Structure formats: C-alpha cells, structure tokens
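Engineer: Using this note's numbering, the letters of the sequence shown correspond one by one to residues 4 to 767.
Glycine is no exception: its CB is placed at the ideal position from the N, C-alpha and C atoms.
Quick caveat: nothing in here was measured; it's all calculated off a predicted structure.
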Amino acid sequence: MLRFENSFYENEVRDGFFVPAMIKKAWAAELTVMYEVDKICRKHNINYFADWGTMLGAVRHGGFIPWDDDFDIMMRRRDYEHFLRVAAKELPEGFAILNMDNTENFWYFLSRVVLRPQICFEEEHLRQFHGFPYIVGIDIFILDTLSADLQEEEQRDTVIEYILALADSLGAEKMSPEKKESALCRIEQICRVNIDRSLPESELKMQLYQLVRKLMVIFEDDREGNYAQLIPHVVYRGNTGFPQNYYQAGIRIPFENIEIMLPVRYEAMLQKKYGNYMRLVRNKAGHNYPFFQSQKEQFEKILGYQLPRYKYPGICPRQNTIERSCKYQVREYLRRLDQLHERIRGGSHVLENLIQAQENAIAMGNMIEQVKGENHSVIRELEQYCEAVFALYHEAVRENGVIPEEKIKVLQRLKSQIESDANELILIRKEAVFLPFSGKYWEALHSVWEAVEAEPDWDVYVVPLPYYYKEYDGSFLDMVYDLSEYPQNIPLADYEKFDLAGHHPEVIFIQNPYDEWDSATSIPKEYYSSAIRNYTEQLVYIPCFELEEFEKENEREYWNMSYYCTVPGVVNADWVFVQSQNMKRVYVDKLTDFAGEETREIWQKKIVGIGSPLSDDKRQAADSAVKVLQKWEKMILKPDGQRKKLLLFYVSMSALIQYQQKMLEKINDVLSVASGSDEEVVFVWKEDPLINLNEKAIVKETGKALYEEYQTLREKIMTGHTVIYAEHVEEAALAALCDGYYGVSSALGNAFQVSHKPVMICDL
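#1: With DSSP as the reference, please indicate the residues paired to residue 147 in a beta bridge.
#2: Are residue 117 and residue 166 close, meaning C-beta to C-beta below 8 Å?
#3: Considering just the uninterrupted stretch of the alpha helix (DSSP H) at residue 728, what are its terminal residues?
#4: Checking 8 Å against the spacing of the C-beta atoms, do residue 204 and residue 197 come in under that value?
#5: What are the start and end residues of the alpha helix (DSSP H) that includes residue 425?
#6: How many angstroms separate the CA atom of residue 109 from the CA atom of residue 567?
#7: Could you name each continuous alpha helix (DSSP H) segment of 4 residues or more that falls completely within the region 201-289, going from the start of the chain to the end?
#8: Over what stretch of residues does the beta strand (DSSP E) that includes residue 481 continue unbroken?
#9: Using a threshold of 7 Å, is the CB atom of residue 666 nearer than that to any non-hydrogen atom of the ligand SAH?
#10: What residue from 96, 528, 120 and 675 has the CA that sits closest to residue 105's CA?
#11: For residue 480, does the count of other Cβ atoms within 10 angstroms reach 16, so buried, or fall short, so exposed?
#12: So residue 726 and residue 686 are in contact, right, with Cβ under 8 Å, and what is the actual spacing, rounded?
#13: Counting C-beta neighbours from all protein chains within 10 Å, is the total for residue 319 16 or more, i.e. buried, or is it exposed?
#14: Can you say whether residue 547 is buried or exposed, counting buried as having 16 or more other CB atoms within 10 angstroms of its CB?
#15: Apart from the five residues just before and just after residue 298, which ones in its own chain have a Cβ nearer than 8 Å to its Cβ?
#16: Might you give, ordered along the chain, the residues of its own chain that have their beta carbon closer than 6 Å to the beta carbon of residue 56, omitting 5 neighbours on each side?
#17: With a cut-off of 8 Å on the beta carbons, I'd call residue 134 and residue 36 a contact; round off their distance for me.
#18: What whole-angstrom Cβ distance do residue 358 and residue 368 have, given they're in contact under 8 Å?
#19: From the DSSP output, in three-state form, read off residue 573 for me.
#20: How about residue 737 and residue 651: do their beta carbons lie closer than 8 Å?
#21: Which residue marks the beginning of the beta strand (DSSP E) containing residue 11, and which one marks its end?
#22: Between residue 690 and the rest of its own chain, which residues show a CB-CB distance below 6 Å, the 5 nearest in sequence each way excluded?
#23: Report, in whole angstroms, the separation of the C-beta atoms of residue 315 and residue 597, which I expect to be a contact under 8 Å.
#24: Just the C-alpha distance for residue 15 and residue 442, rounded to the nearest angstrom, thanks.
#25: List the whole-angstrom C-beta distance separating residue 63 from residue 557, where the pair is believed to meet the contact cut-off of C-beta under 8 Å.
#26: Tell whether a beta-carbon distance below 8 Å holds between residue 518 and residue 531.
#27: Could you say which of 418, 475 and 211 lies nearest to residue 125 if we only look at CA atoms?
#28: For the beta strand (DSSP E) containing residue 501, name the first residue and the last one.
#29: Tell me the rounded alpha-carbon separation between residue 676 and residue 684.
#30: Going by CA-CA distance only, name the one from 410, 414, 250 and 425 that's closest to residue 336.
#31: Specify the secondary structure class of residue 16 as computed by DSSP and reduced to three states.
#32: Distance cutoff 8 Å, beta carbons only. Does residue 301 sit that close to anything in chain B?
#33: Would you mind reading off the limits of the alpha helix (DSSP H) that contains residue 298?
#34: Whole angstroms is fine: what's the gap from residue 75's alpha carbon to residue 146's?
#35: Let me know the secondary structure DSSP gives residue 631 once reduced to three states.
#36: Along the chain, where does the alpha helix (DSSP H) containing residue 710 start, and where does it finish?
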C-alpha cells in the first residue's frame with residue numbers, strides 16, 4: 004500500500020492557494036487508489052492516460068492543481084473493458100469499482116474506483132487510509148472511436164442525445180404515455196431494436212442506457228476516426244477528440260509521490276483543451292468543492308448532530324496571571340525589602356529581619372535567574388547584598404542585636420542600587436516574544452523581529468516551538484524540533500526552559516493559529532493561543548504564508564478560509580496582520596459569517612491589512628541565492644561588480660517532440676543571441692528532466708537523427724562559456740535567481756508568472 008511522509012499532510016500554500024490538511028488527506032487517498040490502478044495496468048499491459056485536470060496538474064504543477072480535488076484518467080474502450088475484468092479480482096480488499104452495471108442510480112458512462120463504497124470511521128480504515136473517512140477514488144473515462152465521416156458522427160450523436168433525453172425523463176412525469184410510446188417506437192425504428200415496455204421505468208431507463216452504450220462502439224473499427232469521450236464531450240459539446248496515434252505511446256511522469264501515464268503528445272492536447280494551459284486560471288465557482296463536504300453534511304444528517312468543529316466562543320476575558328510575572332514579583336520583593344529595612348533601622352527584631360531580608364534577596368535572585376538568565380547584573384548585586392547581610396547578622400549577634408547606623412546606611416545603599424538597576428534593566432523595559440513553530444516559516448517573522456530588535460528599550464526573545472504530527476484520532480506522534488533551519492544570527496531560547504508566565508511580555512507574536520483544530524499537526528498544548536493569551540498584553544498573529552489575492556466571490560478560496568481564518572488563533576489574537584487591505588475585507592467577511600453580524604466591528608478593529616513580511620524577504624531571495632552559487636560569479640558579474648540580468652531558457656520534452664526541428668532552430672537562435680549579449684544578459688539553460696528519463700519515447704517520435712542533433716546542441720551548451728547550464732539547480736531556486744523566463748509554456752515558467760517576473764513564450 005502507498006505510504007506518505009507525515010509532512011505531506013501539512014497545510015500548504017501552492018501557487019498562492021491555501022491547500023488545507025484535509026484536502027491533502029483526500030489527495031493521499033486518491034493517490035492510493037491511483038497507485039493500485041497503475042499497478043494493475045502495468046501488470047496486465049493495460050494502457051491508460053491522465054485526463055483533464057489531472058493531466059494539466061501533472062504538467063503544470065507536478066501533481067494536483069492546488070484548487071482541484073479530483074483525479075481523472077482515460078482508457079480506450081478495449082483497455083477499459085480489460086481493466087474491469089481483471090481489477091475486480093486484483094484490487095485490495097475493501098476497494099470497489101462503481102458503475103451503472105453494479106451501482107443503483109449511477110447514470111454515468113464511466114467507472115469510479117474507490118477505497119470503500121461508503122463513509123467509514125472504523126479505526127483500521129482511518130489508520131490505513133490517511134485518516135480520511137469519506138468515499139474517495141478516481142474516475143476512469145472511456146475513449147471511443149469517432150467516425151471519420153463528420154456527417155455520420157453527427158447522426159450518431161443526435162440519436163444518442165435523443166435516447167438519453169427520453170431515458171432521463173422517465174419517472175419525472177414530464178411526458179405523457181402517448182409521447183413516450185411515440186418516442187420508443189421512433190428509437191426502435193432508428194436503431195432496429197425491440198424495447199421491452201413491460202419493465203419498471205427504472206429498468207426501462209437502464210435498457211435505454213445500454214442501447215446508448217452499444218451505439219458508442221459502432222465505429223470502433225474505423226482506423227481514421229479520432230478518439231474521444233463521447234458523453235458529454237462529443238454528444239453535448241461538439242468535441243472532435245484527438246487522432247488515434249496520440250494514444251499509441253505514453254510516458255511516465257511524476258505526480259506528487261507516484262508516477263502516472265500521459266500521452267506522449269500531451270502538450271498538443273493541453274493546448275487544444277485549454278489554450279495557454281500554463282496560465283493560472285481559477286474559476287470563481289466552487290464546482291462542488293471540496294467533494295467530501297456534501298458527504299459530510301449527509302452523514303451529519305443521519306447522525307442527527309454535527310461532527311466536532313471549532314465554534315465561535317464569544318468574548319472570553321483573559322485570566323489574571325500578572326502575579327506570576329517577573330516584573331510583578333520584583334516589585335513585591337523590593338517592597339518587602341523596604342519594609343524589612345524600616346524594621347532593621349528601628350531596631351525591631353533585628354536578627355529575624357536580617358534573616359528575612361537575605362531570604363527575600365535570595366528568592367528574588369532565583370526568580371530573576373529563572374526568567375532573565377543567570378548572568379543578569381541584578382543577580383550579582385543581590386549576591387553582594389546577601390554577603391553584606393550575612394556579615395551584618397554576625398556583627399549583630401556579637402553586639403546583642405545592635406547595628407551601627409553607618410552599617411545600616413551601607414546596606415541601604417546596596418538595596419538602592421538593586422532597586423535602581425532592577426527598575427532600569429527589568430521594570431521599565433518591554434519584552435517581545437516570537438513563537439515560530441518551524442524554521443521553514445521563520446522568514447514570515449524575520450523582518451518584524453529585526454524591527455523590534457532594533458528598539459533600544461525592548462528585550463526580544465525567539466522561542467522556537469516544536470510540533471507534532473497527528474494520528475488519525477488526533478493523538479500525537481513523534482515530536483519535530485529542528486533548530487538547524489533557523490538563521491545562525493538569531494539567538495534562540497529553549498522552549499522547555501522559557502518561563503512565559505514569568506516573562507509576561509508586552510507582546511507575543513505567533514504563527515500557528517490552529518490550537519487543537521488542525522488535523523495534521525499540533526504545537527504543544529501549553530502554547531495554544533487560548534492559553535498564552537493570558538500571559539501577554541498583546542497577542543499578535545502573523546500568517547506564515549502569502550496568498551494570491553481573491554474576493555469573497557471566489558468560492559474555493561473563501562471556503563478554505565475555514566481552515567486558517569475561523570480558527571482559535573485569529574479569534575484569540577488582539578491583532579492579526581494580513582497581507583493587504585483587500586485580504587482584510589475578506590477576513591472580516593469570513594469571520595462575520597462565522598460569528599455573527601454583531602461581531603463585524605470586532606474584526607474590523609482586530610484585522611490589519613499591513614502587508615506580509617514574506618514580501619520583504621522575497622526581494623532579497625535572488626541576491627542571497629546567487630551568493631550560494633559561487634561558480635556562476637565569473638559569468639554573471641560585470642567589471643564594476645554589478646550583476647547581469649539572468650534570462651532562463653527552458654526546453655521541455657513535449658516541445659521537443661511536438662516541434663522537433665523548429666525547437667532545435669530555436670535553441671540555435673538562443674546560442675547565437677547569447678554569444679553577442681553577454682555584457683548585460685546571461686542565458687541560463689534548464690532542460691526538462693523528462694528528456695533524459697524518456698529517451699526511447701522521444702527517439703520513437705522524433706527519429707534518432709534529430710535526437711542526436713539535440714544531444715550535440717546540449718553538449719555545446721554544457722561545455723561553452725556563454726550560457727550557464729543549470730542541470731542540478733532546483734527549479735524554485737532558478738525562479739528566485741533569474742530575472743525573466745524565455746521558452747515554451749511550463750510549470751517553471753508559471754513560477755515566474757506567480758512572482759510577477761517577465762515571461763516570454765517562444766514563437767514556434
């Protein structure tokens with residue numbers, strides 16, 4: 004069975020879209036099904052290909068489209084029927100194949116392979132399948148052969164549409180018995196069949212659907228006709244499909260943590276289906292997103308109550324914990340010393356009061372050490388004070404409790420110095436505590452930390468929090484606590500030793516707003532926002548992500564806000580810093596929908612559209628990344644030390660197959676331009692990794708001679724001195740390093756687009 008790293012399930016932002024942990028678990032369940040389907044297909048030499056959003060996601064995102072939650076593949080009908088014969092026996096226990104032949108009210112011309120055909124909260128199921136209880140699987144669409152004769156195909160489609168219209172009207176009382184009989188007679192005449200009218204209407208409907216299925220294969224032997232999914236894309240939408248040779252060969256391509264099959268000419272297919280398929284387009288409509296929400300609502304209706312979810316708690320006053328703070332206790336210790344000194348000067352119970360003064364000073368020192376550290380200067384002064392008290396005590400013992408006035412004045416001066424320094428170094432200073440929960444998210448706090456750290460009257464502490472991955476039942480798994488991801492110049496405090504109640508800082512900055520309500524991870528419970536808000540005057544939540552801007556009308560984005568906006572950290576915080584005024588409006592609307600219209604003013608005051616700290620670090624990312632790549636410096640630095648512009652040139656496998664000689668000519672053009680423009684611009688070559696992985700498929704499509712010519716050009720680039728060959732540089736780093744993109748449409752080009760850098764597509 005397919006396994007995933009725990010990190011896969013974490014909330015994530017992809018291409019500016021928030022993907023919550025629950026969607027990631029749905030993805031994992033779908034991938035588990037696809038893994039088993041792929042295994043069966045490989046064993047039995049059954050061809051399948053990713054389709055629609057799954058194909059687009061594989062090419063553009065290397066996995067799921069972030070705002071999509073379904074998985075589609077297609078099979079030619081003979082492969083589809085072969086798969087149905089063998090899969091029923093070979094799928095793991097509990098898996099099921101759903102289609103109109105075995106499932107009531109399933110009126111689709113496809114099959115759906117699911118983990119389990121019903122919602123399941125059984126412990127073993129949740130443990131095995133990523134804690135995801137809902138019905139989940141993949142859709143297998145059928146490719147049928149279209150007639151090469153367009154008129155003949157149009158006639159078939161018209162008949163199919165007519166039969167389906169009649170079938171879907173049965174039982175709906177939309178048609179009189181006379182009209183129904185007339186329609187059945189007409190179908191019998193056209194299709195030369197006999198329709199059994201004695202059947203119940205549900206079986207009559209199935210009889211008509213079976214007739215449609217027979218019509219779908221009547222041109223199966225036409226070798227000139229295209230392949231297409233007849234319903235709905237041909238019958239209702241006029242799709243003309245793709246030539247049969249597009250499906251003769253396939254390539255395996257990474258998809259999340261598995262590999263799936265794509266037609267080798269996938270780029271041509273995507274261009275026809277979507278146009279500029281690399282352009283990110285998010286439809287505002289939700290399209291039943293997420294797919295499991297309707298199942299959840301139906302399940303709750305059956306149960307008669309809602310499954311656990313976070314609900315608005317109302318306005319909750321803070322608990323009074325000020326007496327546990329260092330500042331409060333220092334004031335109390337100093338006040339106590341004042342009282343003891345008065346008694347000592349008055350000669351009342353001198354020995355007893357000296358003992359209490361020393362004990363008071365020791366307790367004050369221990370408390371300051373616990374909160375401020377053992378090297379705090381006030382602790383050294385308290386130690387000197389204790390030594391003076393000790394000496395004075397012994398002198399008082401010798402003199403029967405009498406202490407000279409000048410000795411009392413010395414003790415008073417020591418106490419005054421303690422009070423003065425405690426006031427300057429502790430009492431009047433302000434504190435800020437940053438609670439990042441992972442080094443990979445520190446950049447979202449870094450610029451804020453720098454600003455507060457620069458304030459002379461503030462003490463600033465960074466206390467990295469560990470986090471735990473969760474089991475399906477919410478119990479904690481192993482702790483993750485990696486401090487190596489933080490910059491070395493950031494002083495880090497140990498969360499186990501840091502006394503948050505003792506510090507009681509003026510402000511606490513948090514990144515994790517979920518408390519117990521995230522299904523994938525949790526920080527320690529004592530650091531939930533509901534707890535730590537009691538130990539500060541101002542709790543500030545700064546999201547560790549930046550999103551593409553959207554409006555309330557963007558249904559998917561707005562829905563997903565339930566996972567990061569209507570959560571405890573946002574509700575409990577005194578201030579929430581979001582990336583823009585637009586996002587403030589959306590946050591306010593979402594929180595008002597969540598908590599009631601009477602709360603709108605609360606959110607208006609609390610949410611601040613101040614901008615994301617992530618933007619500050621992104622502007623520095625390219626320069627810092629360049630410094631790491633020392634071997635590039637000779638090529639990218641001008642004589643005056645300024646950096647040249649870096650223009651990424653990308654060659655994809657599909658472009659090489661589709662455009663062949665034109666693509667080689669474009670590479671030669673780039674080499675020519677690069678040799679004459681190196682004073683201001685340097686080209687960086689990036690090659691699609693799939694080219695090396697699918698050499699046989701490329702040679703089969705392009706011919707050996709053309710592929711060898713391509714290899715010669717690649718060798719010229721690798722050994723030359725005018726183009727940087729970035730074979731082993733991660734694509735994310737290239738998107739940060741380079742100033743612009745030139746090449747065919749690709750996922751890498753999309754990364755430049757998201758970063759608002761120039762993207763130029765080759766004219767091929």
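Structural biologist: Per the coordinate set shown:
#1: Residue numbering aside, residue 147 sits at position 144 when the sequence shown is read from its first letter. Paired residue(s): 231.
#2: The sequence position of residue 117 within the sequence shown is 114, counting from 1. The sequence position of residue 166 within the sequence shown is 163, counting from 1. No. Outside cutoff.
#3: By 1-based counting over the sequence shown, the position of residue 728 is 725. Careful: residue 728 lies outside any alpha helix (DSSP H), inside the beta strand (DSSP E) at 726-728.
#4: Position 201 of the sequence shown, counting from 1, holds the residue named residue 204. Position 194 of the sequence shown, counting from 1, holds the residue named residue 197. No. Outside cutoff.
#5: In the sequence shown, counting from the first residue as 1, residue 425 sits at position 422. Here the alpha helix (DSSP H) through residue 425 covers 408-425.
#6: The residue you call residue 109 lines up with position 106 of the sequence shown. The residue you call residue 567 lines up with position 564 of the sequence shown. One C-alpha to the other measures close to 36 Å.
#7: 204-218 and 269-277
#8: Here the question's residue 481 lines up with position 478 in the sequence shown. Taken as a continuous stretch (DSSP letters only), the beta strand (DSSP E) holding residue 481 covers 479-483.
#9: Ligands displayed in this structure: none; no statement on the ligand SAH is therefore possible.
#10: Sequence index remark: in the sequence shown, residue 105 carries index 102 (1-based). It is 120 whose Cα lies nearest to the Cα of residue 105.
#11: The residue you call residue 480 lines up with position 477 of the sequence shown. Its Cβ having fewer than 16 others within 10 Å, residue 480 is exposed.
#12: In the sequence shown, counting from the first residue as 1, residue 726 sits at position 723. In the sequence shown, counting from the first residue as 1, residue 686 sits at position 683. So it is a contact: roughly 5 Å between Cβ atoms.
#13: Reading the sequence shown from its first residue, position 316 is the one you call residue 319. The residue in question, residue 319, is exposed, as its Cβ has fewer than 16 Cβ neighbours within 10 Å.
#14: The count along the sequence shown starts at 1 and reaches residue 547 at position 544. Answer is buried; the Cβ neighbour count reaches 16.
#15: Your numbering for residue 298 matches position 295 in the sequence shown. Here the set comprises 122, 137 and 138.
#16: What you label residue 56 is simply residue 53 of the sequence shown in a count that begins at 1. So the qualifying residues of the chain are 68 and 71.
#17: Start at 1 with the first residue of the sequence shown, and residue 134 comes out as number 131. Start at 1 with the first residue of the sequence shown, and residue 36 comes out as number 33. At roughly 16 Å, the Cβ-Cβ gap does not stay under 8 Å, so residue 134 and residue 36 are not in contact.
#18: Numbered from its first residue, the sequence shown carries residue 358 at position 355. Numbered from its first residue, the sequence shown carries residue 368 at position 365. The Cβ separation is near 16 Å, so there is no contact.
#19: Here residue 573 refers to the residue found at position 570 of the sequence shown. Reduced to three states, the DSSP call for residue 573 is helix.
#20: Numbered from 1 along the sequence shown, position 734 holds the residue referred to as residue 737. Numbered from 1 along the sequence shown, position 648 holds the residue referred to as residue 651. Yes, the pair counts as a contact, with Cβ atoms nearer than the cut-off.
#21: In the sequence shown, the residue the question calls residue 11 occupies position 8. Here residue 11 belongs to no beta strand (DSSP E), and DSSP marks it neither H nor E.
#22: On the sequence shown, residue 690 is found 687 positions in, with the first residue counted as 1. So the qualifying residues of the chain are 654.
#23: As a first step, residue 315 must be located in the sequence shown, where it is residue number 312. As a first step, residue 597 must be located in the sequence shown, where it is residue number 594. At roughly 6 Å, the Cβ-Cβ gap stays under 8 Å, so residue 315 and residue 597 are in contact.
#24: Counting from one through the sequence shown, the residue named residue 15 turns up at place 12. Counting from one through the sequence shown, the residue named residue 442 turns up at place 439. Taking the straight line joining both Cα atoms gives about 15 Å.
#25: Your numbering for residue 63 matches position 60 in the sequence shown. Your numbering for residue 557 matches position 554 in the sequence shown. Not a contact, Cβ separation roughly 19 Å.
#26: Looking up residue 518 in the sequence shown gives position 515. Looking up residue 531 in the sequence shown gives position 528. Result yes, Cβ atoms of residue 518 and residue 531 sit closer than 8 Å.
#27: Walking along the sequence shown from the start, residue 125 turns up at place 122. The option with the nearest alpha carbon to residue 125 is 475.
#28: For the purposes of this step, residue 501 is taken as the residue at position 498 of the sequence shown. Where residue 501 is concerned, there is no enclosing beta strand (DSSP E), given that its DSSP letter is neither H nor E.
#29: Taking the sequence shown and counting its residues from 1, one reaches residue 676 at position 673. Taking the sequence shown and counting its residues from 1, one reaches residue 684 at position 681. Distance between the alpha carbons of residue 676 and residue 684 is about 10 Å.
#30: Counted from its first residue, the sequence shown places residue 336 at position 333. If we check each option's Cα against that of residue 336, 425 comes out closest.
#31: On the sequence shown, residue 16 is found 13 positions in, with the first residue counted as 1. Strand.
#32: Judged by its chain identifiers, the structure shown contains no chain B, having just a single protein chain.
#33: What you label residue 298 is simply residue 295 of the sequence shown in a count that begins at 1. Segment 296-306, the alpha helix (DSSP H) holding residue 298.
#34: Position 72 of the sequence shown holds residue 75. Position 143 of the sequence shown holds residue 146. Roughly 13 Å separates the two Cα atoms.
#35: By 1-based counting over the sequence shown, the position of residue 631 is 628. For residue 631, the pLDDT reaches just 44, beneath the cut-off of 50, and the residue's location in the model is therefore unreliable, leaving the point undetermined.
#36: Taking the sequence shown and counting its residues from 1, one reaches residue 710 at position 707. Counting along the chain, the alpha helix (DSSP H) containing residue 710 begins and ends at 707-722.
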